[in-house]
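A short worksheet on the structure shown next.
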Amino acid sequence: MNKKLLFGLILTITTGQLAFGQTKVYNGSFNSSNFQGNATYNYTEQPDKRIFSGPFTFKTANNAVNISGSFQNDMKNGLWKFVLTNVSYTDLVMKYVITANVTGNFVNGNLDGIWNLSRTKVISFSSSGISSYYQNSLNALSYLFDGNTVDFKKSTTVTEKSTATFKDNHFSGSFSYSVNGGKSIVKGQFNEQGYFEGSWTVNYYQDGILHFQTRNYQNGVLVTIKNKDNSTGEVVTVYDKTVEVNEFFQNYSHSENVSKIDKTYYTLAEGKTQESSITFLEDAIEIWYNNTSLGKSAYLFEIERGTNKLTIYPERKIVIDEDRTEKLRQEEEEIANEIRRKQEAEEEEKRQIELTKKRQEQEKKWEEEKKIREFENSDFGKLQKAIKVEFTAWLEKGEFETQQDYEKRVKSNYQLEFDKIVQNQIVESKKYSIKVLSGTLSDYDIDNETFNVKLFGEYSRNIQTPPIIIKIPKNLAQNLKQKYGDEKASRGEPLLVHILDVSMINNNWVPSRLFIIFPNGERQTSYNYYQPYYNKYYWDQTKILDNGKGKYQLGYAGNIDLKAVSLKSIDTQFKNNSLDSGVFYFEWLLNDTNLNNLKFTIEAMGITLPF
Numbered sequence: 001m002n003k004k005l006l007f008g009l010i011l012t013i014t015t016g017q018l019a020f021g022q023t024k025v026y027n028g029s030f031n032s033s034n035f036q037g038n039a040t041y042n043y044t045e046q047p048d049k050r051i052f053s054g055p056f057t058f059k060t061a062n063n064a065v066n067i068s069g070s071f072q073n074d075m076k077n078g079l080w081k082f083v084l085t086n087v088s089y090t091d092l093v094m095k096y097v098i099t100a101n102v103t104g105n106f107v108n109g110n111l112d113g114i115w116n117l118s119r120t121k122v123i124s125f126s127s128s129g130i131s132s133y134y135q136n137s138l139n140a141l142s143y144l145f146d147g148n149t150v151d152f153k154k155s156t157t158v159t160e161k162s163t164a165t166f167k168d169n170h171f172s173g174s175f176s177y178s179v180n181g182g183k184s185i186v187k188g189q190f191n192e193q194g195y196f197e198g199s200w201t202v203n204y205y206q207d208g209i210l211h212f213q214t215r216n217y218q219n220g221v222l223v224t225i226k227n228k229d230n231s232t233g234e235v236v237t238v239y240d241k242t243v244e245v246n247e248f249f250q251n252y253s254h255s256e257n258v259s260k261i262d263k264t265y266y267t268l269a270e271g272k273t274q275e276s277s278i279t280f281l282e283d284a285i286e287i288w289y290n291n292t293s294l295g296k297s298a299y300l301f302e303i304e305r306g307t308n309k310l311t312i313y314p315e316r317k318i319v320i321d322e323d324r325t326e327k328l329r330q331e332e333e334e335i336a337n338e339i340r341r342k343q344e345a346e347e348e349e350k351r352q353i354e355l356t357k358k359r360q361e362q363e364k365k366w367e368e369e370k371k372i373r374e375f376e377n378s379d380f381g382k383l384q385k386a387i388k389v390e391f392t393a394w395l396e397k398g399e400f401e402t403q404q405d406y407e408k409r410v411k412s413n414y415q416l417e418f419d420k421i422v423q424n425q426i427v428e429s430k431k432y433s434i435k436v437l438s439g440t441l442s443d444y445d446i447d448n449e450t451f452n453v454k455l456f457g458e459y460s461r462n463i464q465t466p467p468i469i470i471k472i473p474k475n476l477a478q479n480l481k482q483k484y485g486d487e488k489a490s491r492g493e494p495l496l497v498h499i500l501d502v503s504m505i506n507n508n509w510v511p512s513r514l515f516i517i518f519p520n521g522e523r524q525t526s527y528n529y530y531q532p533y534y535n536k537y538y539w540d541q542t543k544i545l546d547n548g549k550g551k552y553q554l555g556y557a558g559n560i561d562l563k564a565v566s567l568k569s570i571d572t573q574f575k576n577n578s579l580d581s582g583v584f585y586f587e588w589l590l591n592d593t594n595l596n597n598l599k600f601t602i603e604a605m606g607i608t609l610p611f
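What follows is the structure in structure tokens.
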């Protein structure tokens, strides 16, 4: 590249950078928010904007408007003055000639410290151009005219003074506003957060009468309003929310801006309390907010550049926090539902417990009734009932028996008669359990060399027997099982099990002495017969003669010789297949000490003697 060209390019860039960083002065035409005039100020040029810095002045051609102050980094800083001299201004209703002086300090574009406003307004009207609606509305501004009725044909001079203190671009500390030398005034304090605080005095004209009003605030919230009518001296409390406001702040969380009262959340929202608002107070405050009307503003935004708007409106009102309240309602509803579900579960549990208890009681009752029925149907129960029935019948007086003979009979013989009845009934009860049954050799216990004898047939159903165990050596067991096992029995070759005696166990007769008879030979078919209708085996009435020695009588088949054969001889004969024809038996005895006590007494059976 050509060295001269390169040097020229570098010089151009450097010069441009120096130009952007240099402080320049502007002096020329300038438009404020409401006026055209001339401004002088210092600035530095940036690619996309100018940065104002240093002194600033603005004035109109006729010198009616003079504004002066300073900028720092494009923000208003230090003392600023706004001076208006005989400035004409017209709105929809009135014509103004305004002379005003406003002074105060800015810090980085924020209002700071004490600001003062002094203004004179000469107000005139043109009745021909004002509707009756606006003429009536002007009466609400009677404080501007010291309570006098507005005369639309004359001009009126109104003076205003206001002193306000600011911090961080919001009200803080004392405030005052007066009209026409103090006839109508607003005076009070703001807290450090920028809200109305404590007692505020508001004296104003309304409908031609001077009113003295005291308003009390707490952290921006209106608490009470008391009005004094200057015409009567009467003081009336027209607004009182002391209870509500105190309750709110007692529960108030500053960090969350929320207060919970009962089941409702409340919060503070900036805004006017509509039911207690008055024009005079609002106008006094809004002078420092208004940036449009020349008749109602402090002209802070006439030079809008570098000016921050006030961040806080000084009045607040308590409003319902709908979101939090709804969330609380849902949470409480869920809690209530959970409590209800828990209560329902507890009630259901109680109901189930009660049902279980009733079921258990019913089952217990059924069990007791079952035991009673089982006892009544047991051999012992039937025996006891039979004894009681017979003895009770004996205790009754006979038709042809005198009372003397009756008493003598009972008193002399009741115990002997009772004992006799007991013994007879025991014998009678036993005989129904002494019978001949069919049996087979069932399971064999090779370790103990024992067979279990199983009973079968119609008559065996109602017989309760303990295990019938007989000792058979294992060298005989297989042959005997083949001959007297279940398979053989089904073809009509069972054992004969003759019950010779019974004992009472668990309220029922059980065999205590048995003959287990092993028929052998052709004659065994002569003591059984087959009935196709029932398809079961039945055995005729039998009895043992001479205690099992000698002949064994078996119904129509006649007497059968009984032979007691030793196991050894049986073993020998089985091995040789030469067992003699005849009948062989084993005697089985019950080995159980858990027997029912068959000693019945009159008292135990609940029988009441007549004497």
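The numbers in UniProt numbering rise by one with no breaks, and the one at position 111 of the sequence shown is 111. Positions of the beta carbon are idealized from the N, C-alpha and C atoms, including for glycine.
For D486, the nearest candidate out of A336, E396 and V453 (CA to CA): The residue given as residue 486 occupies position 486 in the sequence shown. The shortest C-alpha separation from D486 is found at V453.
Can you tell me which of Q274, T273, S253 and K272 puts its alpha carbon nearest to the alpha carbon of Y266? The residue you call residue 266 lines up with position 266 of the sequence shown. When only C-alpha atoms are compared, the closest one is S253.
8 angstroms CB neighbourhood of N63 in its chain, flanking five on each side removed: Counted from its first residue, the sequence shown places residue 63 at position 63. Cβ within range, chain order: T85.
Enumerate, from N- to C-terminal direction, the unbroken alpha helix (DSSP H) stretches of 4 or more residues contained entirely within the region 361-401. Taken in chain order, the complete alpha helix (DSSP H) segments of 4 or more residues contained in the region 361-401 are 379-395.
Can you find at least 3 beta carbon pairs, one from the region 269-283 and one from the region 221-240, that sit closer than 8 angstroms? These segments touch.
Since I believe L609 is in contact with Y414 (beta carbons under 8 angstroms), could you give me their beta-carbon distance rounded to a whole number of angstroms? Taking the sequence shown and counting its residues from 1, the one referred to as residue 414 is at position 414. Taking the sequence shown and counting its residues from 1, the one referred to as residue 609 is at position 609. 6 angstroms between Cβ atoms; contact.
Does A604 come out as helix, strand or coil in the three-state DSSP assignment? Indexing the sequence shown from 1 puts residue 604 at position 604. Three-state result, A604: coil.
Can you give the beta carbon distance from K516 to F586, rounded, assuming they're within the 8 angstroms contact cut? The sequence position of residue 516 within the sequence shown is 516, counting from 1. The sequence position of residue 586 within the sequence shown is 586, counting from 1. With the sequence shown as reference, residue 516 is identified as Ile, and Lys is not the correct amino acid for it. That belief holds up - the Cβ atoms of I516 and F586 are roughly 5 angstroms apart, short of 8 angstroms.
Relative to the C-alpha of F212, which candidate in N230, N219 and Q218 has its C-alpha closest? Looking up residue 212 in the sequence shown gives position 212. If we check each option's Cα against that of F212, N230 comes out closest.
Would you call the region 278-292 and the region 230-247 in contact, with 3 or more CB pairs under 8 angstroms? In short, these stretches do not touch, since the Cβ pair count stays below three.
For Q206 and V179, what's the separation of their Cα atoms in angstroms? Walking along the sequence shown from the start, residue 206 turns up at place 206. Walking along the sequence shown from the start, residue 179 turns up at place 179. Taking the straight line from one Cα to the other gives about 14 angstroms.
Just to confirm, is the Cβ distance from P314 to F196 under 8 angstroms? Sequence index remark: in the sequence shown, residue 314 carries index 314 (1-based). Sequence index remark: in the sequence shown, residue 196 carries index 196 (1-based). Cβ distance < 8 angstroms, so P314 and F196 count as in contact.
Meets three-Cβ-pair contact criterion under 8 angstroms: the region 409-426 and the region 474-484: They do not touch, by the three-pair rule.
If you follow the beta strand (DSSP E) that L500 is part of, which residue opens it and which one closes it? Here residue 500 refers to the residue found at position 500 of the sequence shown. Unbroken beta strand (DSSP E) run through L500: L495 to I505.
Return the CA-CA distance between residue 612 and F400, expressed in angstroms with no decimal places. In this structure the chain extends from 1 to 611, so residue 612 is not present and cannot be described.
Would you say G188 and S172 are within 8 angstroms of each other, going by their C-beta atoms? Taking the sequence shown and counting its residues from 1, one reaches residue 188 at position 188. Taking the sequence shown and counting its residues from 1, one reaches residue 172 at position 172. It is not a contact, given that the beta carbons lie outside the stated cut-off.
Any idea what DSSP makes of T90, helix, strand or coil? On the sequence shown, position 90 is the one that residue 90 refers to. In this structure, T90 counts as strand in the three-state DSSP scheme.
8 angstroms Cβ cutoff met for N219 and D168: Indexing the sequence shown from 1 puts residue 219 at position 219. Indexing the sequence shown from 1 puts residue 168 at position 168. Their beta carbons are not under 8 angstroms apart, which means N219 does not touch D168 by this criterion.
Which residue comes first and which comes last in the alpha helix (DSSP H) that contains K408? For the purposes of this step, residue 408 is taken as residue 408 along the sequence shown, with counting starting at 1. Counting along the chain, the alpha helix (DSSP H) containing K408 begins and ends at Q403 to K431.
Grab the span of the alpha helix (DSSP H) containing F280 for me, first residue to last. Counting from one through the sequence shown, the residue named residue 280 turns up at place 280. T279 to E286 is the span of the alpha helix (DSSP H), which, as asked, contains F280.
Quick test of the definition: if touching needs 3 or more C-beta pairs under 8 angstroms, does the region 28-44 touch the region 285-305? yes
Using a Cβ-Cβ cutoff of less than 8 angstroms, which residues in the same chain neighbour V258 once the five nearest sequence positions on both sides are dropped? For the purposes of this step, residue 258 is taken as the residue at position 258 of the sequence shown. Y252, Y265, Y266, T267, D321 and R324.
Find the nearest neighbour of K95 within the set V389, L294 and G233, judged by alpha-carbon distance. Against the sequence shown, residue 95 aligns to sequence position 95. Looking at the Cα atoms, L294 is the closest of the given residues.
Beta carbon of I318, beta carbon of E270: below 8 angstroms? The residue you call residue 318 lines up with position 318 of the sequence shown. The residue you call residue 270 lines up with position 270 of the sequence shown. Cβ distance not < 8 angstroms, so I318 and E270 don't count as in contact.
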